[in-house]
Each structure stands twice: as C-alpha cells, then as structure tokens.
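Notes follow the structure.
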Amino acid sequence: MKVVTTLAELWDIRKNLPGPVGLVPTMGYLHPGHLSLVHTARKECASVVVSIFVNPAQFGPKEDLSRYPRDLEHDLQLLEQEGVDLVWTPTPEIMYPAGFQTWIQVEEVSKPLEGALRPGHFRGVATVVAKLFNAIQPHKAYFGQKDAQQAVVIRQMTGDLNYPIEIRICPITREPNNLAMSSRNVYLSSEERRAASVISQALFAARDAFQNNERSAGRLRNIMQEVFSQEPLVHVQYASCADPDTLQELEIIHDRALLSVAVFVGKTRLIDNILLP
Ligand code: AMP
Numbered sequence: 273m274k275v276v277t278t279l280a281e282l283w284d285i286r287k288n289l290p291g292p293v294g295l296v297p298t299m300g301y302l303h304p305g306h307l308s309l310v311h312t313a314r315k316e317c318a319s320v321v322v323s324i325f326v327n328p329a330q331f332g333p334k335e336d337l338s339r340y341p342r343d344l345e346h347d348l349q350l351l352e353q354e355g356v357d358l359v360w361t362p363t364p365e366i367m368y369p370a371g372f373q374t375w376i377q378v379e380e381v382s383k384p385l386e387g388a389l390r391p392g393h394f395r396g397v398a399t400v401v402a403k404l405f406n407a408i409q410p411h412k413a414y415f416g417q418k419d420a421q422q423a424v425v426i427r428q429m430t431g432d433l434n435y436p437i438e439i440r441i442c443p444i445t446r447e448p449n450n451l452a453m454s455s456r457n458v459y460l461s462s463e464e465r466r467a468a469s470v471i472s473q474a475l476f477a478a479r480d481a482f483q484n485n486e487r488s489a490g491r492l493r494n495i496m497q498e499v500f501s502q503e504p505l506v507h508v509q510y511a512s513c514a515d516p517d518t519l520q521e522l523e524i525i526h527d528r529a530l531l532s533v534a535v536f537v538g539k540t541r542l543i544d545n546i547l548l549p
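To convert, note that position 257 of the sequence shown is 529 in this note's numbering; the numbers rise steadily by one, no gaps.
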C-alpha cells in the first residue's frame, strides 16, 4: 500500500494503477462503516484508492473541525489489512492553496434538511469531491447511505458535470444497538450512547407503521417525534419524510420515501435515515 500526500506523488502512482480504479473518500478515524465501502470497492475494482482528508470547507464556523477525531496511523493499518493500493492524505494547503476561489454549488438538492441547518456544507462537500474526482480520476466512487443527502448531491453533481464515474451507494453499518456508525460517536458518553439508540428506534417505528400501510408522511414524522420525545437527552433538529430524489417533504407516500433525522445528543450532532420501502 502506497501512502502519498502531494499531487505529484499521487499522479505518479495513479498513472500505473490498473483499472477499474475505485475511490473511497473519507475524513479518516475509520470504522467498520468506512471499511464496508472499501470492502465493496475491493470486490468491484482492480485498484482501490482511499482519500483521508478532514475537509475544512464543509464545516461551519461553530462546528467541530478543530476537535474532529484523527488517528492516521490506525487508519493506515486498517486500510492495509483491507488490501488498499493507494492512500491519499492531502493537506488543507494542497486542497485549498492561498488564493483558491472556485466552488461547486449543487443548487436544489443542497437546500433542504442538512443544507438548511448547515449553510455552505454541501458547497464544501461538492467542491472537495470534485477535486478528488479530478485528481484521482476513478472509474467508480463509493459513498455511504449514512449521509443520504450527500449521496443525492454527489449523484447530481456527477451527472451535471459529466464525470464518467459510477457512483456506488453502500448500506449503513450499525452498532449492535443499531446506532449508525460514525466517527463522531467517539464524542458520546456512555449515557449519551445509550440515549442515542432512540434514533434508530424512531426510524424503525415509522418504518413499522409504513409496513402496516400508513402512507401519510405527516403521520410518520409524528411517530418519529413521539419516540424522540421519550428521550430527554436527545434534541431533534428534523424528522423528515421526503422524496428520496428531490428531498422535498412528502404529504402522501406513493412509492418510495426517505425517512431522515438529525439530532443533538448533548453537544454531538448525529444523523441517520432509512429508505422506504
Ligand atoms: P466520513 O469520513 O464521515 O466523511 O465518511 C466517509 C464515507 O463513509 C461517506 O461516504 C459516508 O457516508 C460513509 N459512511 C460513514 N459512516 C457510515 C456507516 N455507518 N455506514 C456506511 N457508510 C458510512
């Protein structure tokens, strides 16, 4: 496994990688959710490239950039075990040199949900992913359903900008108590970790109602809110039932829906979702 930082080193190795080349973009502090993406890429591609970059551009001024967890040495051990070919660990100065002024803005699907609460977040995500695509030129790129709106934004950008890249979205990996795995789970105290299990319980309660033929999106949103109201340590930012393609809130579910939630557990912000059916 090669580990490189500069663009020149990256290009030098990339040009000799056999295709198809799969890219797994990450912010590091890797957990089994990340590794499931790497595993899928390893099965589907001749070469696997992983990027590790905590992207300052996707953090708001009051968010957790400075305390975002990092452990490069451990990440590299895990990636070596997964048989990764190349790891790119650019610095912020490489990605955003002085004078940087070009940004990718995906308009409509960036607006609701996360976009409404985290202004500029998807501009940062779309820009860094475009830069990763340009630098690495993968044939396939792997993202997690965990970040459902991010997946929609990246699919839209990939089509709009004519990237010849297949976007693969992989299922959410969960802890034994069904908490979606996240690098940010490390922030949770044991009490908060217990309380956070209400997130999947809320989603599962709404899914159960859907499976019992409830088709009112408002009713499913209420069911999620009711479950959350039983856990005082959790503060809900949104509990949404939206169209999975446009991310607009639904009134009636005709065929598919995305149930998605964002909550604070103490100071830690967590997101999760389920696709219906
Ligand atoms: P991050 O390092 O949080 O930016 O995540 C890197 C990639 O891993 C993104 O595409 C995430 O959606 C994906 N990912 C993070 N957590 C999970 C999880 N629990 N299950 C599946 N994919 C995940």
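Each residue gets a CB set at the ideal place from its N, CA and C atoms; glycine is no exception.
Contact test: residue i Cβ vs the ligand NAP heavy atom, cutoff 7 Å
i      : result
His393 : The ligand NAP is not part of the structure shown, which contains the ligand AMP as its ligands.
Outcome for residue i when other beta-carbon atoms lying within 10 angstroms are tallied against a minimum of 16
i      : result
Ser462 : exposed
Asn545 : buried
Gln428 : buried
Gly396 : buried
Ala413 : buried
Ala514 : buried
Leu348 : buried
Val346 : The amino acid at residue 346 is misidentified as Val; the sequence shows His. Exposed, because fewer than 16 other Cβ atoms sit within 10 Å of the Cβ of His346.
Val458 : exposed
Ala468 : buried
Arg339 : exposed
Thr278 : exposed
Ser501 : exposed
Gly387 : buried
Ala313 : buried
Gly291 : exposed
Ala550 : In the structure as shown, the chain begins at 273 and stops at 549. Residue 550 is therefore absent and cannot be evaluated.
Start-to-end residues for the alpha helix (DSSP H) that takes in residue i
i      : result
Gln483 : 469-483
Trp375 : Taken as a continuous stretch (DSSP letters only), Trp375 belongs to no alpha helix (DSSP H), as it is neither H nor E.
Thr399 : 393-408
Gln353 : 344-353
Gln520 : Element bounds for Gln520: n/a, residue is neither H nor E.
Leu492 : 489-501
Leu358 : Unbroken run through Leu358 is the beta strand (DSSP E), 358-360; no alpha helix (DSSP H).
Met367 : 364-367
Distance cut-off 7 Å: residue i Cβ against heavy atoms of the ligand AMP
i      : result
Thr445 : yes
Ser454 : yes
Pro297 : yes
Lys442 : Correcting the residue identity first, residue 442 is Cys in this sequence and not Lys. Because some heavy atom of the ligand AMP lies under 7 Å away, the Cβ of Cys442 counts as near it: yes.
Lys412 : no
His306 : yes
Lys315 : no
Gly294 : no
Leu309 : yes
Gly387 : no
Asp515 : no
Lys403 : no
Asp347 : no
Phe372 : no
Asp284 : no
Gly332 : no
Asp419 : yes
Phe415 : yes
Residue i, enclosing beta strand (DSSP E) - first and last residue
i      : result
Asn545 : 540-548
Ile324 : 319-324
Gly387 : It is not in any beta strand (DSSP E) - Gly387 instead sits in the alpha helix (DSSP H) that spans 386-389.
Ser308 : Note, Ser308: premise wrong, no beta strand (DSSP E); alpha helix (DSSP H) at 304-316.
Phe331 : Taken as a continuous stretch (DSSP letters only), Phe331 belongs to no beta strand (DSSP E), as it is neither H nor E.
Pro297 : 293-298
Leu530 : 529-537
Val381 : Note, Val381: premise wrong, no beta strand (DSSP E); not H, not E.
Lys287 : From DSSP, Lys287 is part of no beta strand (DSSP E); its letter is neither H nor E.
Practice item. Taking only runs that begin and end inside the stretch 413-468, name each unbroken alpha helix (DSSP H) of 4 or more residues, in chain order. Key: List check, alpha helix (DSSP H) in window: 420-432, 462-467.
**Study point:** Sufficient close CB pairs (3 or more, under 8 Å) joining the stretch 475-482 to the stretch 311-331
**Key:** Because the criterion of three Cβ pairs below 8 Å is not met, the stretch 475-482 and the stretch 311-331 do not touch.
Exercise for review: Mind the definition here: the stretch 414-428 touches the stretch 357-365 only if three or more C-beta pairs lie below 8 Å; say whether that holds.
Suggested key: Of all C-beta pairs linking the stretch 414-428 to the stretch 357-365, fewer than three are shorter than 8 Å, placing the two stretches out of contact.
Check your understanding: Is the stretch 396-406 close to the stretch 528-543, with three or more CB pairs under 8 Å?
Key -> Because the criterion of three Cβ pairs below 8 Å is not met, the stretch 396-406 and the stretch 528-543 do not touch.
**Study point:** the stretch 443-455 touching the stretch 500-510, judged by at least three CB pairs closer than 8 Å
**Key:** Flag = no, the stretch 443-455 and the stretch 500-510 do not touch.
Review point. Touching or not, the stretch 308-324 and the stretch 344-359, by the rule of three or more beta carbon pairs under 8 Å?
Key: The stretch 308-324, when compared against the stretch 344-359, does touch it at the 8 Å Cβ threshold.
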